[in-house]
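In what follows, a single structure is set out as structure tokens and then discussed.
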Amino acid sequence: MSAATTPPGAGRPGLTPPSDAAAPVRHPDAPAPGELLGAHYDQCFGCGDSQPHGLHLAARAGEGVSVTAEFTVQPAHQGAPGLAHGGVLVSALDETLGSLSWLLRVIAVTGRLETDFVRPVPVGATLHLSARCTAVAGRKIYSSAEGRIGGPEGPVAVRADALFIEVKLDHFTANGRPEEIRAAMDDPDQVKVARAFEVNP
Ligand SMILES: CCCCCCCC(=O)SCCNC(=O)CCNC(=O)[C@H](O)C(C)(C)COP(=O)(O)OP(=O)(O)OC[C@H]1O[C@@H](n2cnc3c(N)ncnc32)[C@H](O)[C@@H]1OP(=O)(O)O
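Position in the sequence shown counted from 1, then plus 18, gives you this note's numbering.
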């Protein structure tokens with residue numbers, strides 16, 4: 019079977035939902051389709067406003083458990099001259115996929131993320147990303163994403179299948195550097211505190 023016809027996650031160990039997996043359920047309080055999700059943490063490399071060389075990726079809720087996002091490749095994101103670094107493109111996919119948890123209203127982290135790099139992405143290009151959750155099995159959340167160059171119908175540059183694992187808040191508080199955890203927790207804006215860890219406020 020060619021890559022173009024392979025269903026998401028098929029044949030990839032750890033990325034194929036088990037037979038008893040359930041369809042993902044959009045949380046009743048999830049942002050409406052079309053609504054911008056905004057940054058979950060201002061220091062996040064993927065979406066934060068306070069990271070000068072970050073991706074400044076802006077994700078928007080889609081229908082069901084899906085999101086779209088845009089990211090414009092900057093000179094600071096280069097690998098080869100004039101081209102985006104592959105790891106940066108994976109970060110853009112990871113961030114987009116991670117924002118699905120805001121529609122499920124669970125706290126989850128990336129366990130596995132497998133990426134196909136289909137074509138090079140030049141500096142200055144805008145990558146139009148889309149991601150959707152495909153299945154949930156207990157704490158395991160299965161999802162797929164792709165990034166297209168220049169527009170939502172542009173040529174596919176990257177695609178990925180991912181497994182996110184639901185975690186408790188102490189995943190962050192027990193493992194993160196105390197300075198940043200304290201600063202995030204001390205923010206008077208409680209919605210921002212909740213979103214820093216993608217917790218249901
Ligand atoms: C805050 C929002 C940010 C949004 C965007 C960014 C998202 C990110 O990049 S998060 C940062 C990157 N990710 C991380 O740092 C995670 C580091 N890893 C960990 O902390 C742990 O390995 C963690 C939490 C994923 C899993 O550990 P743990 O909670 O002990 O789960 P564990 O019991 O081992 O596994 C649970 C299930 O997941 C499966 N699983 C866990 N890891 C993997 C993996 N890498 N591949 C395949 N399956 C896995 C297990 O097999 C198990 O399956 P089953 O229930 O069928 O037996």
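For glycine and all other residues, C-beta sits at the position ideal for the given N, C-alpha and C.
Keep in mind the model is a prediction, meaning the values are calculated, not measured.
One question on the structure: do residue i and residue j come within less than 7 Å of each other, judged by their Cβ atoms?
i, j, result
"Phe190", "Ala126", "no"
"Leu111", "Pro138", "no"
"Glu245", "Thr133", "Nothing can be reported for residue 245, as the shown portion of the chain is limited to 19 through 219."
"Glu216", "Ser119", "yes"
"Gly82", "Arg44", "yes"
Whole angstroms are fine: how far does the CA of residue j sit from the CA of residue i?
i, j, result
"Val108", "Gly56", "20 Å"
"Val283", "Pro46", "Residue 283 is absent from the model: the chain starts at 19 and stops at 219."
"Ala212", "Leu122", "14 Å"
"Met203", "Ala178", "32 Å"
"Arg78", "Ala149", "10 Å"
"Ser162", "Thr128", "12 Å"
"Leu207", "Arg195", "Per the sequence shown, residue 207 should be read as Asp rather than Leu. Cα to Cα, Asp207 sits roughly 21 Å from Arg195."
"Ala76", "Gln92", "15 Å"
Cutting at 6 Å between CB atoms, please list the residues of its own chain near residue i, excluding the five before and the five after it.
i, result
"Val154", "Ala40, Pro42"
"His71", "Ala94"
"Ala48", "Leu121"
"Leu115", "Ala149, Ser161, Ala163, Ala180"
According to DSSP, simplified to helix, strand and coil, what is residue i?
i, result
"Val139", "coil"
"Leu131", "strand"
"Thr86", "strand"
"Ala39", "coil"
"Leu107", "helix"
"Leu118", "coil"
"Ala94", "helix"
Kindly list the residues whose CB is nearer than 7 Å to the CB of residue i, restricted to its own chain and excluding five residues on each side of it in sequence; keep chain order.
i, result
"Val174", "Val136, Glu164, Arg166"
"Glu184", "Val124, Ile125, Ala126, Arg157, Ile159"
Cutting at 8 Å between CB atoms, please list the residues of its own chain near residue i, excluding the five before and the five after it.
i, result
"Arg130", "Gly32, Leu33, Ala180, Leu181"
"Leu73", "Phe63, Gly64, Cys65, Phe89, His95, Val106, Ser109, Ala110, Glu113"
_Start-end ranges of the alpha helix (DSSP H) lying completely within the stretch 142-213, minimum 4 residues_ = Complete alpha helix (DSSP H) runs here, min 4: 188-191, 196-203.
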